[in-house]
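*Asks:* In my numbering, the protein residues as written are 642 to 1713. Glycine residues also receive a C-beta, built at the ideal position from the N, C-alpha and C atoms. Encoded as structure tokens, here's the structure I'll be asking about.
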């Protein structure tokens, strides 16, 4: 390199030193970081293009949204300077490169990535990144902090005590040593067995207390043993934690600390979608001699490349969903080639809707539309009768199908359970019953020898039991209202609904419906999702080319397959057995079997959620209510519930209460909207600096794929030493340190067994990658990296400090599997060939299992507040509180609020991406149809405040903080249904660098541009029964973003001339 270019070279040391944190190295300096990052990007080097050299590339995985695309990270002078897509991966390149392509050749090909993914450079080098641990130096929420050492922080939260006496708080805060009281693995297992006996009615509480008198002081409440041990008073609340770091944090929470209270964030996103799929695909399986329903996968997608007609219901292919990177090329090419027609059901004319048939449904009309289509399809016999009548696997095989349904199975209409063959006198208690030409026949769903082709539309009495077939119950539920009534609720002309149903059923198996979050974020979200899934089942499109598919799946990273070297879940000697009711009462069995039911009966004080997990919005309110028990320690990871939850602002006062949440710690890359209230914030690594579990992908990809994160960038966080091991601070480092201080199992020496230690993050994560390399069966191993590839692996990581990349330690973590692991590391995952999508007329990786029209676990379950049985088929209901009272608003709230995501915005982690994203749209807007704007006297550019029946337009943040206001500028458009107001989701921050903070007595100035725009979550309706949390789906636990009516209060006129608007609206519309 000549002298001129040498002077332009930017070393990592120079770059990071120039960005040294204000206040003793806590956050990166704003101007310095921006200046030197730009200098790095401007570097020029003579000769070959350095970013097309495999020695300057690391393949990893994005986390700017949950699509989690595969990335190609390009490095220069030790800095990340460009991010593209990984060409080995079918997510980023269609079709993708052959897996055996050498990295030196593959580097010449760039895959695609969306704007959020490309802006990961700015997320990584965000000047507000945390480097050291912060301890609160004022009241919670005051944004006053002191930087302390990692050792001091882990010591204090382990030991507890008067941790904040220096700022006048004389209370004694609990430490982990005070909360983790049950530490003996055998005792935990024995107590868990006895608590289960209480739930089954096989043991009384009195007998339990007498038998276990020596251990009662370890329980939260000996009179309620099903609350579990005091260990359950530790709660880990994860935001974007699953499946990214799910395995290691569950290991820590469940096996190491013995708490049941590990939570993801899924009810903020799309839980009704997931739960409806898992039960619609549940299988009747035998395990340990007992039969039960085993939940299936949580996702299926259309075969976009070979379908003839796809309905995008409340979603699209150009933004959000799962996601634009893999979907856009597939869908766009199919449309351009004339092979695919699409319809988009959405109140908003999205970028996807603009490319197809727009169905502008009323925001609260999706369920009505789904039931109307069901009624029309059944009434006009446009369903696939042969497919639906195939009652077991043998019948499906005989019919030339892969999958079958329970449409003909008979349901006891009194109990909501399927009629068992023993009750009908035709078989066993583990078999079901269908009529075959009027005669009851036993059904074994997995039988491959005796086909059962059942009668479809049945209502009769057998052995004195009133029964109906699943299909008949669906038919009756769909007919509960007339098509005209459904049309009115949906806000669509009846002819439009009929045309949509007709088109959907006019392509044989080559049609499908895609949906995700849009139609299901309501109190009837589970049933809406179930209804949409059933529409796919009715036309028999599952597994067929052009139909509905489960995707290619993934290799097993947990090591549960033959020949895999590390069965991770089993490699935890002396693991505690967690037991007891979860804080949110989710997945904790029926309310009716709990000791609380015996005390309280109906209605439950707070709802129970036996069918779901991760009821994110309920964690902090339940802790504040102390129901079913109080908590002691809350650990928030990579999440911000007060910002992301509907009505989440109500939780601000809750987390400021040191009596209700005595110790609040957080792991975060910045000071976020919720972590700003923590007692301690531990810095974490961004997704470009760290490991993750192996990850699959959505069913958009039909070939097999496993991806993972690996360190691509040098860490911003401080390097610390734990028991002689140097590593950057992260959630893994914090868990390792705490487990060692507590002397608990699962981390440290012999954590996986004799001689297998877990002293570093890679000790865990690399084992899972080794399982991928071994394959799912003998003979399915990945190749070994040759010497040239090993050289590339080393040189491409030459910028990483030894605290991150030490080849000997990486090799020690996986032993003789190292070269196969290196082969995967060089490619960023394991990817089946592009030819692995189809096999004849079916998917190569078909579902080939049962599909459920009627869902027995739900249909036999009871609403814990209302005391009424749920329905096993989708049954219409309007928006309602937990007590069943309908939600209504005064006439002044005359607009229905909807939210959406732009292509360049995520939930909360993209606001710092100024150069690449925020420059495109520095603030969001309140979108309004021209008809409504004229009616309300509003002009383009006017500033309005958003109010609802439960929200006056602003909320308090805490001591010394100005209130946060929900105000924004009007944008008048035609592509929005009248009566609707639409606001995107990813603005309106009040932390994340948008406000000043004080660290070690020094003011760190915020950047006001980060707080521009508005977030409307605070305006979303509150449940009328609980009054401290948003409306919630009682089955899936999903938070209800849809259904809130608001009004817009003008507070300022436009400062410039209004944009031209038109008053166009389709004929026949009405604001209903």
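State the DSSP-derived secondary structure class of residue 796, mapped to helix, strand or coil.
*Replies:* Here residue 796 corresponds to residue number 155 of the chain shown, with the count starting at 1. Note: residue 796 maps to helix in three-state DSSP.
*Asks:* Does residue 641 pass the burial test, meaning 16 or more other C-beta atoms within 10 Å, or should it be called exposed?
*Replies:* Because the chain spans 642 through 1713 in this model, residue 641 falls outside it and cannot be assessed.
*Asks:* Alpha carbon to alpha carbon, what distance is there between residue 1057 and residue 781?
*Replies:* Residue 781 sits at position 140 when you count from the first residue of the chain shown. Residue 1057 sits at position 416 when you count from the first residue of the chain shown. Cα-Cα distance, rounded: 49 Å.
*Asks:* Using the rule of at least 16 other Cβ atoms within 10 Å of the residue's Cβ for burial, across every protein chain shown, is residue 1226 buried or exposed?
*Replies:* Here residue 1226 refers to the residue found at position 585 when the chain shown is read from its first residue. The residue in question, residue 1226, is buried, as its Cβ has 16 or more Cβ neighbours within 10 Å.
*Asks:* Determine the direct distance from the alpha carbon of residue 1108 to that of residue 1307, and round the result to whole angstroms.
*Replies:* Your numbering for residue 1307 matches position 666 in the chain shown. Your numbering for residue 1108 matches position 467 in the chain shown. Roughly 53 Å separates the two Cα atoms.
*Asks:* Return helix, strand or coil for residue 661, following the three-state DSSP convention.
*Replies:* Within the chain shown, residue 661 is the residue found at index 20, counting from 1. Since pLDDT at residue 661 reaches only 33, below the 50 mark, its modelled position is unreliable, and the value read off the structure follows with that caveat. In this structure, residue 661 counts as coil in the three-state DSSP scheme.
*Asks:* What's the call for residue 690, buried or exposed, on a 16-neighbour Cβ count within 10 Å?
*Replies:* As a working note, residue 690 is residue 49 in the chain shown. Flag for residue 690 reads exposed.
*Asks:* Would residue 918 and residue 938 be called neighbours here (beta carbons separated by less than 8 Å)?
*Replies:* In the chain shown, counting from the first residue as 1, residue 918 sits at position 277. In the chain shown, counting from the first residue as 1, residue 938 sits at position 297. Result yes, Cβ atoms of residue 918 and residue 938 sit closer than 8 Å.
*Asks:* Just checking my contact of residue 747 with residue 731 at CB under 8 Å: how many whole Å lie between their CB atoms?
*Replies:* Within the chain shown, numbered from 1, the residue matching residue 747 stands at position 106. Within the chain shown, numbered from 1, the residue matching residue 731 stands at position 90. No, residue 747 and residue 731 are not in contact; Cβ-Cβ is about 14 Å, not under 8 Å.
*Asks:* Between which two residues does the beta strand (DSSP E) harbouring residue 878 extend?
*Replies:* Here the question's residue 878 lines up with position 237 in the chain shown. Where residue 878 is concerned, the enclosing beta strand (DSSP E) stretches over 875–879.
*Asks:* Determine whether the beta carbon atoms of residue 1547 and residue 705 lie at a separation below 8 Å.
*Replies:* What you label residue 1547 is simply residue 906 of the chain shown in a count that begins at 1. What you label residue 705 is simply residue 64 of the chain shown in a count that begins at 1. Yes, the pair counts as a contact, with Cβ atoms nearer than the cut-off.
*Asks:* Are the Cβ atoms of residue 1347 and residue 1470 separated by less than 8 Å?
*Replies:* If you number the chain shown from 1, residue 1347 lands on position 706. If you number the chain shown from 1, residue 1470 lands on position 829. Yes; because the gap between Cβ atoms is below 8 Å, this pair is in contact.
*Asks:* Taking its Cβ as the centre, do 16 or more other Cβ atoms sit within 10 Å of residue 932, making it buried, or is it exposed?
*Replies:* Residue mapping note: residue 932 aligns to position 291 of the chain shown, counting from 1. Per the 10 Å Cβ criterion, exposed.
*Asks:* Over what stretch of residues does the beta strand (DSSP E) that includes residue 1536 continue unbroken?
*Replies:* Indexing the chain shown from 1 puts residue 1536 at position 895. Segment 1536–1541, the beta strand (DSSP E) holding residue 1536.
*Asks:* Can residue 1074 and residue 1045 be called in contact, C-beta distance under 8 Å?
*Replies:* One-based indexing of the chain shown puts residue 1074 at position 433. One-based indexing of the chain shown puts residue 1045 at position 404. No, these two residues do not count as a Cβ contact at 8 Å.
*Asks:* How many angstroms separate the CA atom of residue 1321 from the CA atom of residue 1451?
*Replies:* As a working mapping, residue 1321 is identified with position 680 in the chain shown. As a working mapping, residue 1451 is identified with position 810 in the chain shown. The alpha-carbon atoms of residue 1321 and residue 1451 are separated by roughly 31 Å.
*Asks:* Among 923, 1149, 1292, 1214, which has the Cα closest to the Cα of residue 1495?
*Replies:* By one-based count along the chain shown, residue 1495 stands at place 854. When each option's Cα is compared against that of residue 1495, the closest is 923.
*Asks:* Since residue 901 and residue 1219 are thought to touch, with beta carbons under 8 Å apart, how far apart are those beta carbons, to the nearest angstrom?
*Replies:* As a working mapping, residue 901 is identified with position 260 in the chain shown. As a working mapping, residue 1219 is identified with position 578 in the chain shown. Indeed they touch by this definition, with Cβ atoms about 4 Å apart.
*Asks:* What is the rounded straight-line gap between the Cα of residue 682 and the Cα of residue 1376?
*Replies:* Start at 1 with the first residue of the chain shown, and residue 682 comes out as number 41. Start at 1 with the first residue of the chain shown, and residue 1376 comes out as number 735. With a pLDDT of only 40 at residue 682, under the threshold of 50, the placement of this residue in the model should not be trusted; the figure read from the coordinates follows. Residue 682 and residue 1376: Cα-Cα distance of roughly 36 Å.
*Asks:* Taking 8 Å as the cut-off, does the segment 1669–1677 touch the segment 1247–1267 (at least 3 CB pairs, one atom from each stretch)?
*Replies:* Segments in contact, yes.
*Asks:* Classify residue 897 as buried or exposed, calling it buried when 16 or more other Cβ atoms lie within 10 Å of its own Cβ.
*Replies:* As a position in the chain shown, residue 897 is number 256, starting the count at 1. Buried, by the Cβ-count rule.
*Asks:* Just mark residue 962 as buried or exposed, buried being the case when its beta carbon has 16 or more other beta carbons within 10 Å.
*Replies:* Start at 1 with the first residue of the chain shown, and residue 962 comes out as number 321. Classification of residue 962: buried, given that the 10 Å Cβ count is 16 or more.
*Asks:* Thinking C-beta only, is residue 1153 closer than 8 Å to residue 1177?
*Replies:* In the chain shown, residue 1177 corresponds to position 536, counting from 1. In the chain shown, residue 1153 corresponds to position 512, counting from 1. A contact, by the Cβ cut-off of 8 Å.
*Asks:* Where does residue 674 sit, in a helix, a strand or coil, going by DSSP?
*Replies:* If you number the chain shown from 1, residue 674 lands on position 33. The predicted model places residue 674 with a pLDDT of 42, which falls under 50 and marks its position as unreliable; any figure quoted below should be read in that light. Residue state, collapsed to three classes: helix.
*Asks:* Which residues share a DSSP beta bridge with residue 1059?
*Replies:* As a first step, residue 1059 must be located in the chain shown, where it is residue number 418. In DSSP, residue 1059 forms a bridge with 1052.
*Asks:* Is the Cβ-Cβ distance between residue 1608 and residue 1586 less than 8 Å?
*Replies:* Along the chain shown, read from residue 1 onward, the residue named residue 1608 stands at position 967. Along the chain shown, read from residue 1 onward, the residue named residue 1586 stands at position 945. The answer is yes: Cβ separation under 8 Å.
*Asks:* What three-state label does DSSP hand residue 1185 in the structure shown?
*Replies:* Here residue 1185 is taken as the residue at index 544 of the chain shown, counted from 1. Reduced to three states, the DSSP call for residue 1185 is strand.
*Asks:* Tell me the DSSP secondary structure of residue 1714 in three-state form.
*Replies:* For residue 1714 there is no data in the structure shown, the boundaries of the chain being 642 and 1713.
*Asks:* Using 8 Å for Cβ pairs, my map puts residue 1015 next to residue 1119. What's the rounded Cβ distance?
*Replies:* Counting from 1 along the chain shown, the entry for residue 1015 is found at position 374. Counting from 1 along the chain shown, the entry for residue 1119 is found at position 478. About 4 Å separates the two Cβ atoms, so the contact holds.
*Asks:* Three or more C-beta pairs under 8 Å: does that hold for the segment 958–978 against the segment 1498–1514?
*Replies:* The segment 958–978 vs the segment 1498–1514: no contact.
*Asks:* Counting along the chain, where does the alpha helix (DSSP H) carrying residue 1568 start and finish?
*Replies:* Reading the chain shown from its first residue, position 927 is the one you call residue 1568. Note, residue 1568: premise wrong, no alpha helix (DSSP H); beta strand (DSSP E) at 1566–1570.
*Asks:* Might you give, ordered along the chain, the residues of its own chain that have their beta carbon closer than 8 Å to the beta carbon of residue 1693, omitting 5 neighbours on each side?
*Replies:* As a working mapping, residue 1693 is identified with position 1052 in the chain shown. Result list for residue 1693: 1583, 1584, in chain order.
*Asks:* Which full runs of the beta strand (DSSP E) of 3+ residues lie inside the segment 913–997, going along the chain?
*Replies:* The segment 913–997 contains these whole beta strand (DSSP E) runs: 924–928, 931–935, 950–954, 982–986.
*Asks:* Would you call the CB atoms of residue 908 and residue 1680 closer than 8 Å?
*Replies:* Within the chain shown, residue 908 is the residue found at index 267, counting from 1. Within the chain shown, residue 1680 is the residue found at index 1039, counting from 1. Going by C-beta atoms, residue 908 is nearer than 8 Å to residue 1680.
*Asks:* State the CB to CB distance for the pair residue 1463 and residue 1426, rounded to an integer number of angstroms; the pair is presumed to be in contact (CB under 8 Å).
*Replies:* In the chain shown, the residue the question calls residue 1463 occupies position 822. In the chain shown, the residue the question calls residue 1426 occupies position 785. That pair is a contact at about 4 Å.
*Asks:* Residues bridged to residue 787 by DSSP?
*Replies:* For the purposes of this step, residue 787 is identified with residue 146 of the chain shown, where counting begins at 1. DSSP lists 776 as partners of residue 787.
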